[in-house]
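The structure appears below as structure tokens.
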Amino acid sequence: MKKIKTLKMNYEFKNVFNKGKYYIGKQVILYDLKNKYDYNRLGIAISSKLCKAVKRNKIKRKIRAVYQILEKDTIKGHDFVFIWNKNENIENLSYDVIYNDIKKMFSKIGILK
RNA sequence: AUAGUAGAUUGAAUAGUUGCGUAUAGCAAAGUCGUAAGACAGCGUACGAGGAAAGUCCGGGCUCCAUAGAGCAAAGAUGCUUGAUAACGUCAAGUGAGGGUGACCUUAAGGAAAGUGCAACAGAAAAUAACCGCCAGAAAUGGUAAGGGUGAAAAGGCGAGGUAAGAGCUCACCGUAGAUGUAGUGAUACAUCUAGCUGUGUAAACCCCAUCUGGAGCAACACCAAGACUAGGAGGUUAAGACUGCUCGUCAUCUCCUUAAUUUGGUGGCAUGAGGCAUAUAGCAAUAUAUGUCCUAGAUAAAUGACUAUUCACGACAGAACCCGGCUUAUAGAUCUACUUUAUUU
RNA sequence: UGGGCUGUAGCCAAGCGGUAAGGCACAUGACUUUGACUCAUGCAUGCGCUAGUUCGAAUCUAGCCAGCCCAA
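The first sequence finishes on residue 222 if you use this note's numbering, and the numbering steps up by one all the way, no holes.
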């Protein structure tokens with residue numbers, strides 16, 4: 110099963126936001142919650158007020174690219190939701206910063222093998 | 001050389017590693033997920049976002065409402081002419097008006113003599129020529145639209161004759177309206193004659209005239225599976241429904257009321273089309289016809305990413321979501337074609 | 001994706017062709033020993049932006065911009 114499992118319904122997102130713990134990185138904020146399944150699920154939420162569709166897509170793609178690499182080495186059974194940090198300018202978006210952010214977060218949670 | 005005008009094209013490129021979506025009668029397997037309908041994994045191969053994909057401003061296809069019907073009204077849209085188109089509020093060619101030295105650009109451009117409304121302040125007066133004035137007359141009264149300077153706008157303009165004073169009352173020139181002729185499919189243009197000219201502006205105020213318009217939208221709609229409900233009453237022709245009102249007509253395994261429920265998942269719709277490109281013919285052109293050739297995204301929380309190397313002008317605006325034809329708006333730069341102004345030289 | 005609505009001072013708002021009412025807030029002055037209350041005066045560079053119609057647009061027309069609501 111190589112496909113990335115994603116969160117789909119609105120209430121699933123709300124669950125993570127309300128009950129989950131959050132971790133703040135330089136460009137990305139992560140909400141984390143344990144789930145019932147034996148795999149991880151990913152959700153990315155970027156509001157349409159932030160910027161237009163092209164830039165939103167770029168953020169999503171970069172987060173997804175990082176997640177794919179790091180997700181292999183994690184302990185399964187979590188829901189993740191990523192949000193863009195509003196204090197950061199969108200034009201500074203870069204792959205390396207997001208990579209370091211998410212690596213730190215995952216190690217804080219303690220799921221990195 | 002300089003400053004511009006109009007139109008068209010393009011919208012970084014190459015290589016490697018890795019990753020994503022769709023297709024696949026290629027290989028391999030006969031399995032996995034799911035109650036079911038149904039869906040799918042590995043390797044290989046092919047293909048994979050724009051000129052605006054945007055705004056959702058018009059028009060059409062498609063689907064359902066009856067097959068989308070008839071008449072009157074209401075509501076809305078358009079508004080010089082001819083043509084193009086499936087259609088349009090779009091496009092092309094022209095006409096008038098306005099702007100620019102010019103190439104060229106802009107233009108919702110029917111009707112104010114069907115009727116109604118409005119025109120603040122100022123001004124005698126904003127459409128009835130009332131008031132002051134001028135002239136005649138003893139007065140009553142009559143004649144008059146020259147003058148009464150404000151205003152965005154003042155009763156065709158200006159000059160001469162004429163008169164008691166005046167006046168298109170008469171005349172020349174200009175403007176306006178009408179008729180006739182010529183040119184043109186036509187808007188209209190030009191010429192001649194006639195009328196002395198009474199009626200200011202506003203229709204992007206109501207309105208009148210001409211032409212056109214049924215409604216809702218792919219989250220439409222159809223089918224499949226699971227689950228819930230499946231109880232009671234009313235109607236069978238005008239009650240309710242099919243955009244609004246009235247009249248007519250049509251429909252139904254239909255509709256309405258009370259209680260309950262109106263959910264979830266999947267498949268199709270969904271990518272060959274009023275398609276693109278090239279050539280020829282017709283046409284000033286938009287476009288049409290014929291022949292040849294090509295098939296180039298199809299997701300469903302939504303696919304193009306990341307890294308490395310090289311080159312240059314160092315990369316703007318920006319992401320398909322049922323599909324087409326337009327319009328509008330955003331846009332770094334690059335290339336090409338035609339034309340104009342000014343200056344200098346020959 | 002589709003459908004609809006609204007933009008007027010720091011805030012709430014009236015006005016729908018004739019040159020921006022009102023309230024709160026703010027500033028100044030008066031009253032008061034001081035403060036509050038009260039009274040007086042002031043505050044819109046042009047009505048979200050850009051064009052057009054008109055003698056004249058907040059108002060009419062067209063195109064943009066921003067915000068909000070509804071269906072699922």
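For glycine and all other residues, C-beta sits at the position ideal for the given N, C-alpha and C.
- Contact between the stretch 161-168 and the stretch 187-202 is present: three or more C-beta pairs spanning the two stretches fall below 8 Å.
- Judged by DSSP in its simplified three-state form, L202 adopts coil rather than helix or strand.
- For K143, the secondary structure class from DSSP, reduced to helix, strand or coil, is strand.
- For I178, the uninterrupted alpha helix (DSSP H) segment begins and ends at 162-180.
- Separation of Y132 and L139 (C-alpha to C-alpha, rounded to the nearest whole angstrom) is 5 Å.
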